[in-house]
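The opening residue of the sequence shown carries number 306 in the working numbering; numbering runs sequentially from there.
All C-beta atoms in this analysis are idealised placements derived from N, C-alpha and C, irrespective of residue type, glycine included.
In this text, all values refer to a predicted model and were calculated from it rather than measured experimentally.
Input: a single structure, listed below in structure tokens.
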Amino acid sequence: MSRNKLTEAEALLHARKNTALLDTMLDHDQLTLDDVSADLPGIIHLNRKDDLRLSVLNRSGQEFFELTGEEINALGASFHEHYVHPETRARAFPRFVEHYYRADEHDVVSDFQYVKAGGRGFQWIYTCTKFHPKLDCLLSISLPVKGLGGLVHQVESLLDENLFLQKHFLAFSTLTKTEKKVLGLLARGLSNRQMADQLCVSGETIKSHRKNIRRKLDLKSPSDYYRFAKLLGEGEER
Numbered sequence: 306m307s308r309n310k311l312t313e314a315e316a317l318l319h320a321r322k323n324t325a326l327l328d329t330m331l332d333h334d335q336l337t338l339d340d341v342s343a344d345l346p347g348i349i350h351l352n353r354k355d356d357l358r359l360s361v362l363n364r365s366g367q368e369f370f371e372l373t374g375e376e377i378n379a380l381g382a383s384f385h386e387h388y389v390h391p392e393t394r395a396r397a398f399p400r401f402v403e404h405y406y407r408a409d410e411h412d413v414v415s416d417f418q419y420v421k422a423g424g425r426g427f428q429w430i431y432t433c434t435k436f437h438p439k440l441d442c443l444l445s446i447s448l449p450v451k452g453l454g455g456l457v458h459q460v461e462s463l464l465d466e467n468l469f470l471q472k473h474f475l476a477f478s479t480l481t482k483t484e485k486k487v488l489g490l491l492a493r494g495l496s497n498r499q500m501a502d503q504l505c506v507s508g509e510t511i512k513s514h515r516k517n518i519r520r521k522l523d524l525k526s527p528s529d530y531y532r533f534a535k536l537l538g539e540g541e542e543r
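Okay, structure coming up:
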């Protein structure tokens, strides 16, 4: 089956299998990383155990990040600060470090990461990682989500909304029960008078609730109201 005919699920499964295959090849001295990285699809990289610094990045990876090997080496550990989203560093990186210290040679862990693709801005990649004892590092293959096929927009939408939710959930939790109700009514398009009638309060009270919601959630536009309510189920009729 040709690479461009793989379904999304098949592509992700192949990434996991190729990670294990690459590890086996390197472990038995059959080939070097340079030998195989040109033939296996995806971004192939080795990360150091202590700070996850890139020690090797294949040509596909350099093209994706729009960096040369010399530029990556010069960035050192600061590469992550400039090219990996803070949410990914906080969520996914601890999993990879924990995986390294478990030292399970047969396990492959995977996660979505939000990274800066050079001048094209941040994009999602799917990374499969395994511990390589001989090299004493993490060996990974990453696939850009944009190249996975027809469901990419649904996948990216879900990932983007999860990122939005994780970023703002703590702020949402500071809303009172009534403020959450007002947020849901706002998302459904009700006017201040309609909300006041439904909640049996005055129009001034509704204005006060809206002011508190906007301040607590740092809302910048009407669409932000809807996005919060949609993600957290407050925009549905009860």
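Spatial neighbours of Val-487 in its own chain (CB-CB distance under 8 Å, excluding positions within 5 residues in sequence) are listed in chain order as Met-500, Leu-504, Ile-511, His-514, Arg-515, Ile-518. The beta carbon of Val-389 is closer than 6 Å to those of Val-420 in its chain, skipping five residues each way along the sequence. In summary, Gly-381 is exposed, with fewer than 16 beta-carbon neighbours lying within 10 Å of its beta-carbon over all protein chains present. In this chain, the beta strand (DSSP E) harbouring Asp-416 covers 414 to 421. Relative to the Cα of Asp-356, the nearest Cα in the group Ser-526, Glu-386, Asp-523 belongs to Glu-386. Burial of His-437 is indicated by the presence of at least 16 other C-beta atoms within 10 angstroms of its C-beta. Just so you know, the alpha carbons of Leu-480 and Leu-524 end up roughly 13 Å apart. Counting other Cβ atoms within 10 Å of its Cβ, Lys-485 reaches 16 or more and is therefore classed as buried. The beta carbon of Ser-415 is closer than 6 Å to those of Cys-433 in its chain, skipping five residues each way along the sequence. Annotated three-state conformation of Pro-449 is strand, per DSSP. Between the alpha carbons of Glu-376 and Phe-384 lies a gap of roughly 9 Å.
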